[in-house]
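Read the structure below first, then the notes.
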Amino acid sequence: MKDTKIVYHAHKNNATYRGAEYLLTFEEWYGLWESSGKWEQKGVRGHQYVLGRKDPTKPFVVDNCVIRTQSENMQRASKGKPKSVNTKRLMSQAKQGKEKTELHKQHMSEGQAKAALVKVTCENCGKVVTRQCYGRAHGDKCKSF
């Protein structure tokens, strides 16, 4: 139990340092972990579990806390925030030369097929074309314009 109290205080101190209001008692905090069954998988790596807040603008209280993977927690935190040019470049470099699985290729193919089904009417010439064709040869680039 002593080790869990150290982990609790570390979590509380880290949250307070980041400016988050922390109202969980040790018993509430430990109860969340115990009921989740994820204590043994707790950690900071992407596949490991963390205690996060459902609404990051509200304090750490039982009703606002959830146990989820670190990667899910980070995705929720960065959703909707713009990425810098440097971050985009690094992400692109990390993906260079990676082989795609057959399942991944199949999903990409299905996505392309669905995109081809979406039709748009050009406001300049009145033609009904695919969304891809619209962006390439219609709209502001339409020859009838």
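Numbering (numbering that gives the first Met the number 0), first residue to last: 0 to 144. Glycine included, C-beta positions come from ideal geometry on N, C-alpha and C.
Legend entry - the region 102-109 touching the region 74-88, judged by at least three CB pairs closer than 8 Å: Not touching, per the Cβ criterion.
Inset, instruction - Count the C-beta pairs between the region 49-61 and the region 72-84 that are closer than 8 Å, then say yes if the count reaches three, no if not. - result: The region 49-61 vs the region 72-84: in contact.
Legend entry - residue 132: first and last residue of the uninterrupted alpha helix (DSSP H) it sits in: Within the sequence shown, the letter at position 133 stands for residue 132. That run of the alpha helix (DSSP H) goes 130-136.
Legend entry - Reduced DSSP secondary structure (H/G/I, E/B, other) of residue 30: For the purposes of this step, residue 30 is identified with residue 31 of the sequence shown, where counting begins at 1. The answer is helix: DSSP assigns residue 30 an H, G or I state.
Legend entry - Residue span of the alpha helix (DSSP H) that contains residue 79, given as start and end: Translated into the one-based positions of the sequence shown, residue 79 becomes position 80. Per DSSP, residue 79 lies in no alpha helix (DSSP H) and is assigned neither H nor E.
Inset, instruction - Count the other C-beta atoms from every protein chain shown that fall within 10 angstroms of the C-beta of residue 22, then say buried if there are 16 or more, exposed otherwise. - result: Position 23 of the sequence shown, counted from the start, is the residue given in the question as residue 22. Flag for residue 22 reads exposed.
Legend entry - Option in 70, 50 and 69 with minimal Cα separation from residue 63: Within the sequence shown, the letter at position 64 stands for residue 63. Answer by Cα proximity: 50.
Legend entry - At least 3 beta-carbon pairs within less than 8 Å: the region 33-49 vs the region 63-72: With a cut-off of 8 Å, the region 63-72 and the region 33-49 count as touching, because enough Cβ pairs lie within range.
Inset, instruction - Write down every uninterrupted run of the alpha helix (DSSP H) in the region 47-103 whose length is 4 residues or greater and which is fully enclosed by it, in chain order. - result: Taking only runs of at least 4 residues, the alpha helix (DSSP H) segments lying wholly in the region 47-103 are 69-77 and 84-94.
Inset, instruction - Measure the C-alpha to C-alpha separation of residue 124 and residue 134 and round it to an integer number of angstroms. - result: In the sequence shown, the residue the question calls residue 124 occupies position 125. In the sequence shown, the residue the question calls residue 134 occupies position 135. The straight-line gap from Cα to Cα measures roughly 14 Å.
Inset, instruction - Give the single residue among 94, 131, 143 and 119 whose Cα lies nearest to the Cα of residue 112. - result: On the sequence shown, position 113 is the one that residue 112 refers to. Among 94, 131, 143 and 119, the Cα nearest to that of residue 112 is on 131.
Inset, instruction - Rounded to whole angstroms, what's the CA-CA distance from residue 10 to residue 82? Just pull it up for me. - result: If you number the sequence shown from 1, residue 10 lands on position 11. If you number the sequence shown from 1, residue 82 lands on position 83. So the two alpha carbons sit approximately 28 Å from each other.
Legend entry - Inter-residue spacing [alpha-carbon to alpha-carbon] between residue 121 and residue 115: Here residue 121 refers to the residue found at position 122 of the sequence shown. Here residue 115 refers to the residue found at position 116 of the sequence shown. The C-alpha of residue 115 is placed about 16 Å away from the C-alpha of residue 121.
Inset, instruction - Answer yes or no: do residue 28 and residue 66 have a C-beta to C-beta separation smaller than 8 Å? - result: Indexing the sequence shown from 1 puts residue 28 at position 29. Indexing the sequence shown from 1 puts residue 66 at position 67. In this structure, residue 66 does not lie closer than 8 Å to residue 28 by Cβ.
Inset, instruction - Tell me where the beta strand (DSSP E) around residue 145 begins and ends. - result: As shown, the chain starts at 0 and ends at 144. That puts residue 145 outside it, with no answer to give.
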